[in-house]
């Protein structure tokens with residue numbers, strides 16, 4: 001199979017297809033225009049997007065009467081940090097920022113990609129954390145910096 005465009009997105013258009021298959025991408029691959037992957041059932045698919053927009057979770061990259069191929073991200077090992085106070089949040093944010101570690105911040109948690117050296121940092125800060133696996137809907141963003 002070959003595709004040159006995103007057809008739609010299953011999260012915006014909830015039309016269920018009788019035979020949905022997935023291609024799993026690392027979050028870094030969402031920004032690539034040209035990919036060759038296998039679906040979760042082993043079918044080959046070549047993606048050569050005409051558009052320079054990044055792929056999104058739920059994008060339909062191929063569809064016919066027999067099959068629908070949809071993008072999702074791979075499960076990745078992560079640390080989920082749950083600061084109990086603003087002080088803990090400030091300390092964790094400072095330490096992660098000092099290391100230039102990308103993170104995703106929500107109302108109740110901070111998520112960082114797995115890096116075993118971070119456990120010592122979390123223990124020193126005294127924050128509660130757990131190692132788990134998650135699929136991401138958005139990529140971690142790296143910010144440029146100048147010293």
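Residue numbers (full-length UniProt numbering): 1 to 147.
Backbone N, C-alpha and C fix where the C-beta goes; we use that ideal spot for every residue, glycine too.
1. Can you tell me which of 108, 93 and 107 puts its alpha carbon nearest to the alpha carbon of residue 118?
2. Please determine, among 82, 98, 113 and 122, the residue with the shortest C-alpha to C-alpha distance to residue 106.
3. Since residue 10 contacts residue 78 with CB under 8 Å, what's their CB separation in whole angstroms?
4. Using C-beta distances below 6 Å, list every residue in its chain close to residue 58, excluding the 5 sequence neighbours before and after it, in chain order.
5. Quick check: what's the CA-CA separation for residue 132 versus residue 16?
6. For residue 33 and residue 4, what's the separation of their Cα atoms in angstroms?
7. Which residue's Cα is closest to the Cα of residue 99: 112, 87 and 60?
8. If I measure Cβ to Cβ from residue 35 and keep anything under 7 Å in the same chain, skipping five residues before and after, which residues do I get?
9. Run the CB neighbour count on residue 114, radius 10 Å, all protein chains shown included, and call it buried at 16 or more, exposed below.
10. Once the 5 residues before and after residue 96 are set aside, which same chain residues still bring their CB inside 7 Å of it?
11. Taking all protein chains shown into account, decide if residue 125 is buried (16 or more other Cβ within 10 angstroms of its Cβ) or exposed.
12. With burial defined as no fewer than 16 other Cβ atoms inside 10 Å of the residue's Cβ, what is the status of residue 68: buried or exposed?
Based on what the coordinates show:
1. 93
2. Out of 82, 98, 113 and 122, the CA that lies nearest to the CA of residue 106 is found in 82.
3. Rounded, the Cβ-Cβ distance is 24 Å, inconsistent with contact.
4. Counting only Cβ-Cβ distances below 6 Å, and skipping sequence neighbours, we find 9, 10 and 11.
5. 30 Å
6. 9 Å
7. It is 112.
8. 29 and 47
9. exposed
10. 103 and 112
11. buried
12. By the neighbour-count criterion, in which a residue is buried when 16 or more other Cβ atoms sit within 10 angstroms of its Cβ, residue 68 is buried.
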